[in-house]
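Q:
Number of protein chains: 4
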Amino acid sequence: MMTSSETSLTTIEDFRRRAKELLSSEGWSFYNDASGRRSTFRDSMAAFDRYVIRPRILRDITQRSLSTTVLGQPISMPICVAPTAAQQFAHPDAEAASAKGEAAMEAADAGVSGIIVSAHGGRHMDGVPAPIDVLAEVVSAVKGRGVEVYMDGGVRSGTDALKALGLGARAVLIGRPALWGLACDGPAGVTKVLSILRFELDTALGISGCTSIQDIPPSLIARKSYL
Amino acid sequence: MMTSSETSLTTIEDFRRRAKELLSSEGWSFYNDASGRRSTFRDSMAAFDRYVIRPRILRDITQRSLSTTVLGQPISMPICVAPTAAQQFAHPDAEAASAKGEAAMEAADAGVSGIIVSAHGGRHMDGVPAPIDVLAEVVSAVKGRGVEVYMDGGVRSGTDALKALGLGARAVLIGRPALWGLACDGPAGVTKVLSILRFELDTALGISGCTSIQDIPPSLIARKSYL
Amino acid sequence: MMTSSETSLTTIEDFRRRAKELLSSEGWSFYNDASGRRSTFRDSMAAFDRYVIRPRILRDITQRSLSTTVLGQPISMPICVAPTAAQQFAHPDAEAASAKGEAAMEAADAGVSGIIVSAHGGRHMDGVPAPIDVLAEVVSAVKGRGVEVYMDGGVRSGTDALKALGLGARAVLIGRPALWGLACDGPAGVTKVLSILRFELDTALGISGCTSIQDIPPSLIARKSYL
Amino acid sequence: MMTSSETSLTTIEDFRRRAKELLSSEGWSFYNDASGRRSTFRDSMAAFDRYVIRPRILRDITQRSLSTTVLGQPISMPICVAPTAAQQFAHPDAEAASAKGEAAMEAADAGVSGIIVSAHGGRHMDGVPAPIDVLAEVVSAVKGRGVEVYMDGGVRSGTDALKALGLGARAVLIGRPALWGLACDGPAGVTKVLSILRFELDTALGISGCTSIQDIPPSLIARKSYL
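Chains as they are written, first to last, in my numbering: chain U, 179 to 405; chain Z, 179 to 405; chain X, 179 to 405; chain A, 179 to 405.
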């Protein structure tokens, strides 16, 4: 049950730490579980640091909107809770399209309307790439095929989401962060997690000189190739 | 002797930890020994994280087989215990072929039927490359020479084995993991270690969209050049 | 108030440690605060290690000068305290020019006389590049436009300053180091911090074979691309 | 004075640890001192791991010799103690040639017979490259000029020395390791340190398939560019 301390949960990391305190070690282990050496699990988050945001300046950003559509359905922001979102898509295996082009194209050929670039939270098989690292490749593989590409994996902040959107994702899905919200305060905790991400994404969008999701230019995100 | 706790050894890392508990510090030090700054020893394992698996999708993987042949002899899976396997090969020095092409070709010229790409578990000389990092080079150096290439070094999971097979190894050899199995439960421990690797390789093969060792495409493994 | 121990503060790091001791945890947290995962904050300092100084030899460096000008005003050395310096410039958003070319050029088009390449001490938005990593790009973007480029971010030593100057900065600004000086000994502490940086820059300039700021060749600084 | 424990000093690292125990904290700090953030000091050793040895095979290495010459004088092995060796060379500033070509050529033009690629043990100025990282550049800059190139910095094992020799160094110099030997057992300790390095270099030379210093091929050392 929500305690007064919950009022001090202001970042996704705060929710993670609090969830770890509140959950039984079994519960935490289940949430936090990943396969093999957890390389893909850890890299799915660390990989975001290989990309930088290159803000544009001297723009009027007073009016901003985060609304967009997913498969034609309007959504208030391009951040969804993973399981829910996942159920919208035809072939579960399509998630494996994260791994390569000629795979995303096969999914498109198979008639899917959307592809989730995902590593299954690092739980399915260790050794596959971090979703953010293959997102651009998948997006370009299905370009002009009328297939929407979503990304699931490692999003822990609004700047993470902005990086995925800038690299071509229609929306991002969150998994564990939603579970942490649930553990901290039930449905209200999930709402709080989403509102934190919404605030962070709106701020990052504005600082980047963009007024809407559609206004994000491909040049906004650059790979830190020098690292 | 095997205790009830052994029943909970489900990964190679579990066997490593348990072996460390069961062995005398002298015994453990001997098993774990490596030369110099242990750079090659550590890198032989870490190097696997420089390669990613790019699964294929929408394939029927219900029927799978891990069987293959080594020098014409059928084996049930391409994972062997190093010392045993090593004795099958002509020139022990051929292992040094791990270091470069024109060396592998020399071995081929010398008439060897098989080459083990190996760093001798990092015990021989520090500063040589991780076997997985030179495997592809050695495979291409002897291409069409009728020489089989095996890899020994750092394999600790089924995905490690899959990466080596995808890069052209006919089979992989395990050294320390077999010794850890021996330390935990004698011959039965070695069998358990091999059955864990078999299960992990079979799972990784299926998730990757392959039904047999011969079905693994060269494009399955990619270097994480962006790291 | 300055204690005898302050006499032993000989590096910027000494001042940082001492300031942490002297300040309340609230005060320190405020000074040390950064946004998000603090990636940009940490990288702003770590990025300097991606550049190396390539000294020139066999030169007479007995007579050296650190004097230069900022917007036509003579200064005794190209190291200024950030807030003060910042007030000299037209458009605060110009700092966002750190992120990319087309942005620095826009600032130039907007008629600014100077651009501060800055990440706002990592407090503004996490995920933007380390200033030193985009400095050369900004300098080349406004080349021949009569715009002076300054850098603010992560300067903690004279060699850091030399690297920024060698990459084209007209001067560097220091933020937290000045605050640490203030915390340790008020205005006298700021003066001490600046005198340490002056001594270190003068030494680095001499060892590099240069006799003045104008004498620093572009070839002095090289990217450690091999890292 | 040498204690029984000294008999167990079998690696340079053993001597370092023992010297740290035997020396006063002031003495140790003086030996271990380095400038700035100690980046160059640490990287001078770490940089060796960016190079790998690629052994040659199927060679008769039963007869081996480590002898070579320095400025025409025969030496029993290409490993010398830094201060002594340093005194052989004309212009101390020539050490700064570590930083770039155009600099090594200037030294050659100035008529020096030998150039020490050195970072002064990281004590002189932080931010300069690790000697091993610029060695090949300096060697090629003075090619055919009749100038011998030596390297000083970070050599802690026979494989480190072999890497420098393979990259074109005529000999390597050791600084701190000799001081550690001195601290552990006076002149006899220095002799022990040199005999350890001699044994390690001789072993590495043999495993690499070489029978003499002159027999080391440029292709023996490769940059781990994939790291």
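We treat Cβ as the ideally placed atom computed from N, Cα and C, and that holds for glycine. These numbers were taken from a predicted model, which means no experiment stands behind them.
Does DSSP put U/S390 in a helix, in a strand, or in coil?
A: Within the first sequence, residue 390 of chain U is the residue found at index 212, counting from 1. Of the three classes helix, strand and coil, the one that applies to U/S390 here is strand, per DSSP.
Q: When we look at the beta-carbon of Z/T262 and count the other beta-carbons within 10 Å, is it buried (16 or more) or exposed?
A: Within the second sequence, numbered from 1, the residue matching residue 262 of chain Z stands at position 84. In this prediction, Z/T262 scores a pLDDT of 47, lower than 50, which makes its location untrustworthy; no coordinate-derived value is stated.
Q: What does the Cβ neighbour count give for Z/H298, buried or exposed, with the cut at 16 atoms within 10 Å?
A: Locating residue 298 of chain Z in the second sequence gives position 120, counting from the first residue. Under this definition Z/H298 is a buried residue.
Q: Just by C-beta distance, which residues in the segment 278-311 of chain X are closer than 7 Å to chain U?
A: Per Cβ criterion, the list reads K278, A281, E284, A285, A288, H302, M303, D304, G305, V306, P307, D311.
Q: Can you give me the Cβ contacts of U/F267 inside the same chain, cut-off strictly under 7 Å, excluding the 5 residues immediately before and after it?
A: Looking up residue 267 of chain U in the first sequence gives position 89. In this prediction, U/F267 has a pLDDT of 35, which is less than 50 and means its spatial position is unreliable; what the coordinates show is noted afterwards. So the list reads V290, G292, I294, once near-sequence residues are dropped.
Q: Going straight from the alpha carbon of U/V325 to that of A/G332, what length do you get?
A: Residue numbering aside, residue 325 of chain U sits at position 147 when the first sequence is read from its first letter. Residue numbering aside, residue 332 of chain A sits at position 154 when the fourth sequence is read from its first letter. Approximately 55 Å between the Cα atoms of the pair.
Q: With DSSP run on the structure shown, which of helix, strand or coil describes U/I239?
A: Reading the first sequence from its first residue, position 61 is the one you call residue 239 of chain U. U/I239: coil per DSSP, three-state reduction.
Q: Determine the chain Z residues that contact A/S335 at a beta-carbon separation under 9 Å, and present them in chain order.
A: Taking the first residue of the fourth sequence as position 1, residue 335 of chain A is located at position 157. Those are G214, R215, D304, G305, listed as they occur along chain Z.
Q: Identify which residue in U/R232, U/D287, U/F208 has its Cα closest to the Cα of U/S397.
A: Against the first sequence, residue 397 of chain U aligns to sequence position 219. Cα-wise, what sits closest to U/S397 is U/R232.
Q: State buried or exposed for A/A285, treating a residue as buried only when at least 16 other CB atoms are found within 10 Å of its CB.
A: One-based indexing of the fourth sequence puts residue 285 of chain A at position 107. Buried, by the Cβ-count rule.
Q: Residue range of the beta strand (DSSP E) that Z/M329 falls in?
A: Counted from its first residue, the second sequence places residue 329 of chain Z at position 151. Taken as a continuous stretch (DSSP letters only), the beta strand (DSSP E) holding Z/M329 covers 326-330.
Q: Whose C-beta lies closer than 6 Å to the C-beta of A/M329 among residues of the same chain, with five residues either side of it excluded?
A: Your numbering for residue 329 of chain A matches position 151 in the fourth sequence. Contacts found: V295, P309, L313, A342, A347, V350.
Q: Where U/K198 and U/W358 are concerned, what is the direct C-alpha to C-alpha distance, given to the nearest angstrom?
A: To locate residue 198 of chain U, count along the first sequence from 1; it is residue 20. To locate residue 358 of chain U, count along the first sequence from 1; it is residue 180. About 8 Å.
Q: Where does U/V371 sit, in a helix, a strand or coil, going by DSSP?
A: Against the first sequence, residue 371 of chain U aligns to sequence position 193. Here U/V371 sits in helix by DSSP.
Q: How is A/R401 classed by DSSP in three states: helix, strand or coil?
A: For the purposes of this step, residue 401 of chain A is taken as residue 223 along the fourth sequence, with counting starting at 1. Residue state, collapsed to three classes: strand.
Q: Under the three-state reduction of DSSP, which class applies to A/Q266: helix, strand or coil?
A: Your numbering for residue 266 of chain A matches position 88 in the fourth sequence. Reliability fails at A/Q266, whose pLDDT of 36 lies under 50, so the model's placement of it is uncertain and no value is given.
Q: Please indicate yes or no: does the CB of X/G205 lie closer than 6 Å to some heavy atom of the ligand MG?
A: What this structure holds is no ligand at all, so the ligand MG is not there to describe.
Q: From Z/V368 to Z/A356, what distance separates their C-alpha atoms?
A: Taking the second sequence and counting its residues from 1, the one referred to as residue 368 of chain Z is at position 190. Taking the second sequence and counting its residues from 1, the one referred to as residue 356 of chain Z is at position 178. One C-alpha to the other measures close to 5 Å.
Q: Quick check on X/D227 - is its C-beta less than 7 Å from some C-beta in chain A?
A: Within the third sequence, residue 227 of chain X is the residue found at index 49, counting from 1. Closer than 7 Å: yes.
Q: Beta-carbon within less than 6 Å of A/A245's beta-carbon, same chain only, minus the 5 sequence neighbours each way: which residues are those?
A: Taking the first residue of the fourth sequence as 1, we reach residue 245 of chain A at position 67. Residue identity check: residue 245 of chain A is Ser in the sequence provided, not Ala. For A/S245, where only same-chain residues beyond five positions count, the Cβ hits under 6 Å are S254.
Q: Shortest alpha-carbon distance to X/I385 belongs to which of A/M283, A/R354, A/V306?
A: By one-based count along the third sequence, residue 385 of chain X stands at place 207. Checked all of A/M283, A/R354, A/V306; the closest Cα to X/I385 is A/V306.
Q: Buried or exposed, going by whether 16 or more other CB atoms sit within 10 Å of the CB of A/D221?
A: In the fourth sequence, residue 221 of chain A corresponds to position 43, counting from 1. It counts as buried.
Q: For Z/A382, go through chain U and note every residue whose CB falls closer than 8 Å to its CB, in chain order.
A: The residue labelled residue 382 of chain Z in the question sits at position 204 within the second sequence. What Z/A382 touches in chain U: M303, G305.
Q: Which ranges would you report for the beta strand (DSSP E) in the segment 200-262 of chain U if only whole runs of at least 3 residues count?
A: Qualifying beta strand (DSSP E) stretches, in chain order: 229-231, 246-248, 251-253, 257-259.
Q: Which residue comes first and which comes last in the beta strand (DSSP E) that contains A/S296?
A: If you number the fourth sequence from 1, residue 296 of chain A lands on position 118. A/S296 -> beta strand (DSSP E) spans 292-296.
Q: Could you spell out the range, first to last residue, of the alpha helix (DSSP H) harbouring A/V312?
A: The residue labelled residue 312 of chain A in the question sits at position 134 within the fourth sequence. First-last of the alpha helix (DSSP H) with A/V312: 309-319.
Q: Measuring only the C-alpha atoms, how far is Z/N210 from Z/R354?
A: The sequence position of residue 210 of chain Z within the second sequence is 32, counting from 1. The sequence position of residue 354 of chain Z within the second sequence is 176, counting from 1. Their Cα atoms are separated by approximately 8 Å.
Q: So, helix, strand or coil for Z/A349, using DSSP?
A: Counting from one through the second sequence, the residue named residue 349 of chain Z turns up at place 171. Looking at Z/A349 - three-state DSSP - the assignment turns out to be strand.
Q: If you drop the 5 nearest sequence neighbours on each side, which residues of the same chain put their C-beta closer than 7 Å to that of X/M283?
A: Along the third sequence, one-based indexing puts residue 283 of chain X at 105. The residues are A319, V320.
Q: So which residues on chain X does U/I253 lean against when the C-beta distance must stay under 7 Å?
A: Translated into the one-based positions of the first sequence, residue 253 of chain U becomes position 75. Those do not exist, as U/I253 stays about 23 Å from chain X at its closest Cβ, beyond 7 Å.
Q: Nearest to X/A224 by alpha carbon, out of A/R215, A/L383, A/V259, A/E191?
A: Against the third sequence, residue 224 of chain X aligns to sequence position 46. The option with the nearest alpha carbon to X/A224 is A/R215.
Q: I'd like to know whether the C-beta of X/V371 is nearer than 7 Å to at least one C-beta of chain A.
A: Taking the first residue of the third sequence as position 1, residue 371 of chain X is located at position 193. It does not: the Cβ of X/V371 has no partner Cβ on chain A nearer than 7 Å.
Q: In chain X, what lies closer than 7 Å to U/V316 by C-beta?
A: Locating residue 316 of chain U in the first sequence gives position 138, where the first residue counts as 1. Within chain X, no residue comes near U/V316; the closest Cβ sits about 22 Å away, beyond 7 Å.
Q: Just how far apart, CA to CA, sit Z/A339 and Z/I257?
A: Taking the first residue of the second sequence as 1, we reach residue 339 of chain Z at position 161. Taking the first residue of the second sequence as 1, we reach residue 257 of chain Z at position 79. When rounded, the distance between both Cα atoms is 8 Å.
Q: Indicate whether at least one CB of chain X lies closer than 7 Å to the CB of U/I230.
A: Taking the first residue of the first sequence as 1, we reach residue 230 of chain U at position 52. According to the sequence displayed, residue 230 of chain U carries Val and not Ile. It does; some Cβ of chain X falls within 7 Å.
Q: How big is the Cα-Cα spacing for U/S243 and U/L372?
A: Here the question's residue 243 of chain U lines up with position 65 in the first sequence. Here the question's residue 372 of chain U lines up with position 194 in the first sequence. Each residue's alpha carbon lies about 16 Å from the other.
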